Structure formats: structure tokens, C-alpha cells
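Chains as they are written, first to last, in the numbering used here: chain B, 133 to 307; chain A, 79 to 316. What follows is a short report on a single structure.
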Amino acid sequence: MERIARGDERALSDLYDRYSRLVFSIAYGVVQNRETAEEVTLDIFVRVWEKAEIYDPHQARLSTWLGSMTRNRAIDQLRRAKVRLQHTAEWPDAGEELVAGGELPEAMAQLRSDQARVRTAIASLPADQRQALALAYFSGYSHAQIAQALDLPLGTVKGRIRAAMQKLRSLLDEE
Amino acid sequence: MQDNELDPFSALIAAYALGALDDEDIPALEEHLLSCAACREELDSYHSVVASMGLAAADATPSPALKARLLERVDQPAVPAAVAPAASSWQRFLDAMRNSLNGGRWLPAAAVMLLLLVGAVFVWQQAGSARTERFELSATDAAPGAQGLLEASEGTGQVTLIVTGLPVLPPTHQYQLWLIEDGSRTSGAVFSVSGDGSATVVVDSPQPLTGYGAFGVTIEPAGGSPGPTGQRVLGYNL
């Protein structure tokens with residue numbers, strides 16, 4: 133990232149090779165459209181190129197920093213376009229094959245391990261909690277919107293989100 | 079952590095970090111966060127959870143051509159936007175549409191709708207005049223003495239935020255500018271101030287500033303948040 137902040141294009145290219153699939157996967161999960169997901173992906177890497185100096189490695193892993201930026205940007209895109217999606221992405225099962233690191237296997241080992249951990253944690257949640265969480269995370273739905281989408285009482289939705297987040301936090305807190 | 083039924087805010091904090099809190103629940107929680115350090119810490123812990131959730135997204139691969147587009151884009155010198163700040167985003171969509179049509183692929187219905195809706199918004203806005211717009215942001219009690227100026231340049235369409243008198247934040251946090259219309263908040267910039275409390279920041283505004291009813295600057299975890307979660311330090315209301 134320091135090299136990128138200094139304008140090293142090769143470093144940007146390396147970063148893209150490592151993280152473009154992650155960024156695209158999150159973007160696609162939100163916008164459910166390849167062209168738009170690619171635009172978001174492009175935006176994110178251009179933004180990294182232009183503002184690499186704001187990344188603080190003491191604060192967050194690169195993967196989660198990029199992941200947050202991508203989700204925010206993608207949801208922003210969704211809201212600006214005011215498109216109501218027919219279908220929200222689902223969390224994949226824990227056993228589902230992770231994308232192989234390809235040409236950078238060692239560098240990707242940490243990322244793969246992190247992905248496996250989070251996938252397993254989410255997969256361990258009850259199905260109704262996973263569903264509510266997906267609507268909140270990928271579609272940016274509020275409690276009321278989730279309640280409407282699933283035809284459930286508001287209190288039920290609030291309870292599911294709270295339970296899911298508390299469980300996830302305790303699972304991910306374990307080192 | 080035990081579910082504390084006596085503290086209604088604790089139940090809302092996770093949802094807030096996720097961006098799932100309904101609009102009407104937000105002000106009370108934000109006010110509470112101003113005075114509750116324990117709740118702010120809890121919010122930070124949930125921010126980490128949300129940040130990690132993206133790692134679980136189902137795998138999808140972008141087209142091989144995307145990398146070339148990225149490298150081409152960063153090779154170009156910065157081009158001033160046309161008349162309205164919206165033009166550069168509009169240009170991106172035109173490019174996407176052109177690429178899709180040239181590739182002989184059908185644009186999926188959702189993308190067409192996206193294009194038409196965005197197109198309609200941008201055409202409507204470009205019909206308006208592109209004067210220089212200036213908005214002075216006033217300080218809240220959280221940062222007395224701070225000042226902010228939000229300005230759109232007539233020539234380049236670039237939107238800039240200039241702030242002075244803001245406290246320097248620890249590395250865990252940054253300031254974030256919000257562009258607000260009809261209750262929805264779009265992030266315009268995430269930034270830090272230099273030692274003297276000032277900053278000049280290029281703002282990413284999807285539409286001319288006059289399209290918004292209010293602006294605000296809040297304190298957020300470093301890197302920003304999907305929605306305002308921290309103390310507001312500067313604000314402007316139409």
C-alpha cells in the first residue's frame with residue numbers, strides 16, 4: 133500500500149491480482165449485476181490508487197478494509213439507482229469451494245483462511261438468522277424493510293439480527 | 079455478551095453497525111452514543127464484525143478485461159469533469175453501456191433500468207445551471223470553533239470541502255462528510271485533518287450540491303462507515 137501511495141503501478145497491479153475477486157464478489161453480492169459490479173470494482177481500485185495513504189495497517193486487515201469500502205460503495209450505487217432487486221444474495225455453505233489463489237498461492241493463504249473462518253461462522257447460524265443477515269448486509273435493508281420482505285413482525289426481525297450479530301461476534305472473536 | 083433488557087440501546091447497536099437501523103431509531107441512539115463510551119466501544123466491536131462479513135460472500139470473478147481498464151484509467155492524467163460533477167459518473171455508465179453493446183451481450187434488465195434511472199436523473203440535473211455553489215457548515219457543540227466550507231467549482235465541477243479548527247483524531251478514527259437528501263445519506267469523503275486542524279478534501283458528489291438538503295461531518299472509524307454512526311461536528315441544513 134505504501135508503494136501504491138508513492139505511485140507504483142506495479143503494486144496496484146499486484147493488489148488487483150490478490151483482491152479483485154474478493155472485491156468483485158462482494159460487489160456482485162450487493163448489486164446482482166456483472167456490469168455494475170465491475171464498475172464498483174473499478175471504482176474501488178481507482179480509489180485505492182488515489183487515496184492509498186488513508187489506509188492504516190494497524191487498524192484493519194487489507195481484506196476487511198477493502199471489503200467494507202466495497203460494500204459501502206455497492207450499496208450506495210444500489211440506492212442511487214433506486215433499483216429494487218428481485219433477489220438478494222445468499223451466504224454460501226461453509227463447504228463450498230473457495231477460489232484458489234491462482235498465481236499467488238502463498239499470499240492468498242491468509243485470505244483463504246479468513247474467508248473459511250467467516251463462512252463457517254455464518255453457516256453455523258440458524259437459517260432464519262442467515263436470511264435476515266443477508267438482506268441487511270447485501271441489500272442494505274433496514275429492520276422495517278426486512279420485516280416487509282419476509283412478512284414478519286418487526287420485533288422478530290430485530291431479534292434475529294441481534295442474535296445473529298451477537299453470535300457472529302463471539303465466533304469471530306475467538307483467536 | 080448477555081442480552082441486557084434494561085438497556086434498549088444495546089439491542090440497537092449491532093443493527094446500527096450493520097446499517098439496518100430504521101431511520102426513526104437512529105437519532106436517539108446517536109444521541110446516546112455521545113455520552114456512552116461503553117456503547118461506542120460496543121459499536122466498534124460490531125463494526126469489525128460487519129467488516130469481516132464480506133469475506134463470506136459467494137465467489138465471483140470479474141472479466142479479464144477489467145484489469146486492463148483499471149490500468150488504463152490510472153494512466154490517464156486527471157480529466158476535469160464536464161459541466162456538472164455528475165458528468166464523470168454519467169460517462170462511466172455510457173462506457174459500460176457501450177462496452178456491453180459492442181460485446182454483443184444483452185444488458186440484463188436490471189442494468190438497463192439502472193442506466194435509464196441514472197440517465198433520467200443526470201439529464202434532469204444537467205438541465206439546471208452550473209453555478210458555483212457554496213455552503214458554510216456550522217460547528218456543533220462537539221467541535222466548537224470548527225468551520226467548514228463546501229464548494230462546487232463552476233469551471234471543473236469539482237466539489238471541495240475545506241475545514242478548519244477540527245480536533246486531530248486518534249488513528250482509529252477519521253472524519254466523514256455526508257450528503258443528505260430525503261433522509262438518505264451518501265458519503266462524500268473520508269478524511270483526516272493535519273496538525274493545525276485543517277483539511278482540504280476533494281468530495282465525491284454524485285449530483286450537484288443543490289440536489290441535497292443538508293450536509294454533515296461526523297466522526298467515524300478509520301476508513302469510514304456505510305452511514306453516519308458517530309458524533310456530528312459540522313452541519314448545514316437547508
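Beta carbons are placed, not taken as given, at the ideal position from N, Cα and C, and that holds for glycine. Here the structure is a predicted model, which means the values were calculated and not measured.
Asked	Found
Looking at residue 247 of chain B: is its Cβ nearer than 9 Å to the Cβ of residue 133 of chain A?	yes
Which residues in the same chain as residue 166 of chain B place their Cβ atom closer than 8 Å to its Cβ, once the five residues preceding and following it in sequence are excluded?	160
Using a 10 Å radius around the Cβ and a threshold of 16 neighbouring Cβ atoms, would you call residue 103 of chain A buried or exposed?	buried
In or out: residue 212 of chain A buried (at least 16 other Cβ within 10 Å) or exposed?	exposed
Is the CB-CB distance between residue 100 of chain A and residue 275 of chain B below 9 Å?	yes
Could you confirm whether any beta carbon from chain A is found closer than 9 Å to the beta carbon of residue 240 of chain B?	no
Taking all protein chains shown into account, decide if residue 311 of chain B is buried (16 or more other Cβ within 10 angstroms of its Cβ) or exposed.	It is not possible to answer for residue 311 of chain B, since the shown part of chain B is limited to 133 through 307.
Under three-state DSSP, which class holds residue 218 of chain B?	coil
If you count every other CB in all the chains shown that lies within 10 Å of the CB of residue 291 of chain A, and 16 or more means buried, which is it?	exposed
Going by C-alpha distance, which of B/182, B/178, B/133 and B/171 is nearest residue 279 of chain A?	B/182
Counting pairs of beta carbons, one from the region 204-219 of chain B and one from the region 117-137 of chain A, are three or more of them closer than 8 Å?	no
Rounded to a whole number of angstroms, what is the C-alpha to C-alpha distance between residue 140 of chain B and residue 133 of chain B?	9 Å
For a cutoff of 9 Å on Cβ pairs, would you count residue 247 of chain B as touching chain A?	yes
Looking only at its own chain, which residues have a Cβ that is under 8 Å from the Cβ of residue 112 of chain A, when we skip the five neighbours before and after it?	220 and 309
Might you give, ordered along the chain, the residues of its own chain that have their beta carbon closer than 7 Å to the beta carbon of residue 286 of chain B, omitting 5 neighbours on each side?	275, 276 and 279
Expressed to the nearest angstrom, what Euclidean distance is found between the alpha-carbon atoms of residue 160 of chain A and residue 233 of chain A?	Low confidence applies here, because residue 160 of chain A scores a pLDDT of 39, under 50, leaving its location unreliable; read the following figure in that light. Roughly 8 Å between the two C-alpha positions.
If we require 3 or more residues per run, which beta strand (DSSP E) segments fall completely within the region 224-268 of chain A?	225-230, 237-242 and 251-259
If I measure Cβ to Cβ from residue 313 of chain A and keep anything under 8 Å in the same chain, skipping five residues before and after, which residues do I get?	215, 216, 218, 292, 293, 294 and 295
So, using beta-carbon positions, are residue 299 of chain A and residue 252 of chain A closer together than 9 Å?	yes
Just checking: is the beta-carbon of residue 153 of chain B within a distance shorter than 9 Å of some beta-carbon in chain A?	yes
State the Cα-Cα distance for the pair residue 119 of chain A and residue 265 of chain A, rounded to the nearest angstrom.	23 Å
Alpha carbon to alpha carbon, what distance is there between residue 143 of chain B and residue 135 of chain B?	6 Å
Counting along the chain, where does the beta strand (DSSP E) carrying residue 315 of chain A start and finish?	310-315
By Cβ distance below 6 Å, which residues in the same chain neighbour residue 151 of chain B in space, the five residues on each side in sequence not counted?	198
Quick one: give me the first and last residue of the beta strand (DSSP E) that residue 299 of chain A is part of.	292-299
Using DSSP's beta-bridge definition, name the partner residues of residue 213 of chain A.	A/228
Our contact map puts residue 96 of chain A next to residue 107 of chain A with C-beta atoms below 8 Å; I'd like the distance itself, whole angstroms only.	Actually they are not in contact, since the Cβ atoms of residue 96 of chain A and residue 107 of chain A sit about 13 Å apart, beyond 8 Å.
Just the chain A side, please: which residues come within less than 8 Å of residue 202 of chain B by C-beta, in chain order?	132
Kindly indicate which three-state DSSP category residue 277 of chain A falls into: helix, strand or coil?	strand
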